Amino acid sequence: MKNLLFTCAFTLGALTAQAQFVIDVKTQKPGAPVQPTMYGLFFEDINYAADGGLYGELVKNRSFEFPDRLMGWEAFGAFEVKDDGPFERCPHYVELRWPGHNDRHSGLSNNGFFGIGLKQGEEYRFSVWAKAPQGNAKIAVQFIDRATMDERQQFAETKIDVNSADWKKYEVVMKSTRTLDKAQLRIFLESRNTVCLEHVSLFPVNTFMNRQNGMRRDLAEALKDMHPGVFRFPGGCIVEGVDLPTRYQWKNTIGPVENRPLNENRWEYTFAHRFYPDYFQSYGLGFFEFFQLCEDIGAEPLPVLNVGMACQYQNWNNESAHVPLDQLQPYIQDCLDLIEFANGDANSEWGKKRAEMGHPAPFNMKLLGIGNEQWDDMYYKRLEPFVKAVRAKYPNIKIVGTSGPDSEGEMFEKGWKAMKSQKADLVDEHFYRNEEWFLSHGLRYESYDRKGPKVFAGEYACHGKGKKWNHYETSLYEAAFMTDLERNADIVQMATYAPLFAHVEGWQWRPDLIWYDNLRMFKSVSYYVQQLYATNKGTNVLSLTMQGKPVAGQEGQGGLFASSVYDATTDEVVIKIANTSGEQRPVTINLQGIKGERTARWQRLFHGVMDAENTLDHPTTITPQQGETACTDGKNGIILSEQLPPKSFYVYRVKK
Ligand code: AHR
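In structure tokens, the structure reads:
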């Protein structure tokens, strides 16, 4: 019904002669610089974003460290889980013995993350730590299709001779002869001699940047294609954990992957209505890998560390759930050590660990978040000694504090006040709000104090009322709202949409930027909004007004939101304009100061169905379209006239 009404309004709008919406852009005077950190990404291991998502590992519970040691595995024949393995912090492994009959087998099958996705013709690197305590043993490694009607379940197989009584790593590359999103990995014991198996791993050879222990290529490429300015990691609420023992501990995520201890993932059970008992953090995608990824995709790294607090939602007003004020030193030390890990000399204690992992050059980290979404005095009191210690040792590091989970109100104000008095460099604001909120906050940042900390819009998304998914309408309102981020470049220095990834079979939170199953992925409309901003962010803000006022959905502005920047790298003027109304809007944009013949190139998002979305089966239902509009000469500059379709978002570029 809504869409029908919308279509009628469109037709009517097109037929009725309307007043022009006249917009003035002063191109002669480039204003505040747009920070290179604008329009970035926020990564949190939620929705199977790391294990089962970006991290290329295809085997779940590869080290048998899940509390249920064989979760994700089917073990058969004669087997035993033991705990005196070669890796101190991951001590469990499986011993396979001859079951005593020739036709009976001992072995293991792994189900991956919602299955193992394999592609025909692609190569996969299988590796395992193994020993044969009774003398040489043999295993067969197979790719399995359990649902097949064929004679054999296996469609690829290789044999490995385990020829040492000591633990040793064995590695083999296997080619898949099928494309299957729910394959299994099976290992048979083929000898009478016992074999012990630990850290059983399978990665595509073709990872992003062809790295071992690398990222799933299609997902990492989607990150790079967004041209993000900043990359915030590793959360989100997992920074805090539901209690302190389950908080994210970066020091556990570096060094050899075999010895990185397992951590609980709070998103396993945070929402009982989206419950995933097999959701843990292997830490295979750890801080080294995050820094490396930032370098690969050209984003400024923004690690967020724990401030000595467990998640406040789970521990409402419970001071005793957090670290006592006089015992914060190890947490503060974690921050100082992280800076040394990222930036320190290769001979320093922590810099050496980075160098040993293959990156002797510093990562040049400039930003540090302390605390995720903390609020009230218990946070402000704890933050203080962190700020003092970091400032004293690393005065050039920019500290990002937080105003908590509210987008306004008493606690939000209190948070900002505290961040000002502690002289945080940036304040991380979060707002997951509905359509009305986004449409009515087009002037959010105009009134912010210019003398205090800068703004980091660290997590935001339009949560459609009653429909929290990535449909077209909410993404359009995000685009409209973002004109305010752009307009206030003097104070808004970073912005990251949230969250980033979601597995279609394992999500807990939506909307998200990128969705996938084991073989395919699609970019949401919100992804394209972010990408349009990131790739058209320009270098300096330009004044853009309608009758002297900012264009922010104000009264008389016909639901239009707009902003403009100058791009010194290409000498172009960029104009972003969203028509959030259900009617076509005749718009005249005066580009003051530009003379002569010009054609504006545009990209737009436009779709007539507000609930439409991209999906795995239809990944390109809504993608940016391109076109050109000729400009005409005017009194003070050229004029760009357009009939803006209802519910559309345009980005224009005009040579200056
Ligand atoms: O993005 C999901 C969650 O939303 C984050 O973990 C938290 O910071 C916010 O509340």
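Start counting the sequence shown at 2; every next residue gets the next number (this note's numbering).
Think of the CB as a built atom: it goes at the ideal place given N, C-alpha and C, for glycine as much as any other residue.
Note that the structure is predicted; figures quoted are calculated from it, not measured.
Check the Cα spacing between glutamate 269 and each of Lys415, Ser408, Ala184 and Tyr49: the tightest is with Tyr49. Inclusion of proline 500 in the 7 angstroms shell around the ligand AHR follows from its C-beta lying nearer than that to a non-hydrogen atom of the ligand.
Leaving aside the five residues that flank lysine 648 on each side, the residues in its chain whose CB is nearer than 8 angstroms to its CB run, in chain order, Phe7, Tyr473, Glu474, Leu477, Asn580, Thr581, Ser582, Gly583, Phe607, His608, Gly609 and Met611. By the C-beta criterion, the segment 80–95 is judged to be in contact with the segment 60–67, since at least 3 inter-stretch pairs fall below 8 angstroms. A straight line joining the alpha-carbon of lysine 83 with that of glycine 57 spans about 27 angstroms. By the Cβ-count criterion, asparagine 307 is buried, with 16 or more other Cβ atoms from all chains shown falling within 10 Å of its own Cβ. For tryptophan 510, the distance from the CB to the nearest heavy atom of the ligand AHR is below 7 angstroms. Ranked by Cα distance from isoleucine 623, the first of Phe482, Lys636, Thr589 and Asn471 is Asn471.
Taking the Cβ of cysteine 91 as the reference point, every heavy atom of the ligand AHR lies at 7 angstroms or farther away. Annotated as proximal: valine 26 and isoleucine 576, with beta-carbon spacing under 8 angstroms. Glutamine 155 is a Cβ neighbour of isoleucine 145, given a cutoff of 8 angstroms. Burial state of arginine 153 is exposed, judged by a 10 Å Cβ sphere holding fewer than 16 other Cβ atoms. In this structure, glycine 285 has its beta carbon at no less than 7 angstroms from each heavy atom of the ligand AHR. Taking a contact to require three or more Cβ pairs closer than 8 angstroms, the segment 178–193 and the segment 110–122 qualify as touching.
Nearest neighbour of valine 240 by Cα position, chosen from Val456, Ala138, Ile47 and Leu444, turns out to be Ile47.
Annotation: the continuous beta strand (DSSP E) that includes threonine 600 extends over 600–607. Placement of the Cβ of asparagine 373 at a distance of less than 7 angstroms from at least one heavy atom of the ligand AHR is found. Excluding its 5 nearest sequence neighbours in each direction, aspartate 335 has C-beta neighbours in its own chain below 8 angstroms: Gln250, Trp251, Lys252, Leu306 and Asn307, listed in chain order. For cysteine 295, the CB contacts under 6 angstroms within the same chain, skipping 5 residues up- and downstream, are Phe232 and Pro302 in chain order. A direct Cα-to-Cα measurement between arginine 355 and leucine 55 gives close to 22 angstroms. Across the structure, arginine 586 and serine 564 are spaced so that their CA atoms are roughly 16 angstroms apart.
Annotation: the continuous beta strand (DSSP E) that includes glutamate 629 extends over 626–631.
Contact between valine 588 and isoleucine 578 holds: their C-beta atoms lie close to 7 angstroms from each other, under 8 angstroms. In the three-state reduction of the DSSP assignment, cysteine 295 falls in the helix class, which pools H, G and I. Within 7 angstroms of the C-beta of histidine 274 there is not a single heavy atom belonging to the ligand AHR. Counted as a single uninterrupted DSSP element, the beta strand (DSSP E) harbouring lysine 169 occupies residues 169–176. Bounds of the alpha helix (DSSP H) holding tyrosine 528 are 526–535. Using a C-beta cut-off of 8 angstroms, the segment 266–286 makes no contact with the segment 496–503, since fewer than three inter-stretch Cβ pairs fall below that distance. Between the alpha carbons of phenylalanine 234 and phenylalanine 291 lies a gap of roughly 8 angstroms. Across the set Pro625, Arg98 and Gln143, the C-alpha of Arg98 shows the shortest separation from the C-alpha of proline 134. In this structure, the C-beta of glycine 236 approaches the ligand AHR to less than 7 angstroms from one of its heavy atoms. For tryptophan 376, no alpha helix (DSSP H) segment is defined, and its DSSP state is neither H nor E. Nearest Cα to threonine 570 within the set Met547, Gly597, Gly539 and Leu543: Gly539. The three-state reading of DSSP puts glutamate 81 in strand, counting E and B together.
Per the DSSP secondary-structure output, valine 456 pairs in a beta bridge with Val428 and Val493.
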